[in-house]
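Written out below as structure tokens is the structure these notes cover.
Residue numbers (our numbering): 2 to 235.
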């Protein structure tokens with residue numbers, strides 16, 4: 002069993018589904034894990050001679066689906082991502098991002114980094130993402146901003162796309178010192194992607210493998226007409 006992850010809230014979810022009135026279980030807000038014991042009867046006569054049933058243990062890692070939205074960021078740099086995010090600010094998105102755009106006015110990319118101001122603008126960008134999500138939009142980046150998990154409150158989540166790349170020129174922004182406003186945002190973007198790629202992508206990979214194993218085991222059980230009993234273990 003993977004001991005570093007919290008246990009998936011299976012019991013709480015069941016209580017919510019069978020409540021009065023029933024409600025949909027609370028969405029996943031971070032990584033969690035559950036272990037299944039799959040008890041089955043084998044068609045192998047030799048194995049059945051020694052024991053009536055066998056047990057296969059399956060560990061499943063759950064994670065918020067919003068984290069998958071950040072996968073494309075791993076193939077982008079800060080400025081190309083900024084261009085893409087600003088290109089989306091059309092129609093309702095333009096209205097929802099009005100406060101963020103207002104706070105960005107007059108922000109000098111080459112001035113010494115003002116961390117307090119950057120944090121304030123990042124909070125406005127996060128509010129914009131929450132608004133997008135509440136309105137049913139799914140392409141929101143960074144996805145982890147709306148479900149930060151163990152990164153809640155971390156400076157790594159205090160960045161946002163540069164509002165107007167062409168106003169200063171891409172080459173000037175790309176060369177900005179790390180201690181400037183633009184440079185600090187770029188470094189936080191890079192750190193976020195590096196941490197995400199080394200951490201969350203591994204979690205997601207193992208979760209996908211677990212689901213593949215689950216699908217294979219179920220299909221084989223149906224094909225072989227075995228009696229399959231599933232027990233959820235804490």
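Note that CB positions come from ideal geometry on N, CA and C, so glycine has one too.
The model shown is predicted, which means the values in this text are computed figures rather than measured ones.
- When rounded, the separation of the alpha-carbon atoms in residue 161 and residue 170 is 18 Å.
- Burial is judged here by how many other beta carbons sit within 10 angstroms of a residue's own beta carbon; residue 187 has at least 16 and is buried.
- Within the same chain, and ignoring the five residues on either side of residue 131 in sequence, the residues whose Cβ sits closer than 7 Å to its Cβ are 147.
- In this chain, the beta strand (DSSP E) harbouring residue 35 covers 33-41.
- Closest by C-alpha distance to residue 12, out of 22, 35, 104, is 35.
- Comparing alpha-carbon positions, the option among 20, 22, 98, 33 lying closest to residue 62 turns out to be 33.
- Taking 8 Å as the upper bound for CB-CB distance, residue 144 and residue 68 are in contact here, some 6 Å apart.
- By the CB criterion at 7 Å, residue 79 and residue 190 fall inside the cutoff.
- Per the C-alpha coordinates, the member of 22, 56, 72, 81 positioned closest to residue 164 is 81.
- In the three-state DSSP reduction, residue 57 falls in the strand class (E or B).
- For residue 8, the three-state secondary structure derived from DSSP is strand.
- Burial is judged here by how many other beta carbons sit within 10 angstroms of a residue's own beta carbon; residue 25 has fewer than 16 and is exposed.
- Listed in chain order, the alpha helix (DSSP H) runs fully inside the stretch 175-200 are 182-199, counting runs of at least 4 residues.
- According to the DSSP assignment, residue 144 belongs to no alpha helix (DSSP H), since it is labelled neither H nor E.
- Looking at the DSSP output, residue 164 sits in no beta bridge, so it has no partner there.
- The beta carbons of residue 138 and residue 149 sit no closer together than 7 Å.
- Between residue 182 and residue 123 the beta-carbon gap is near 12 Å, outside 8 Å, which marks them as no contact.
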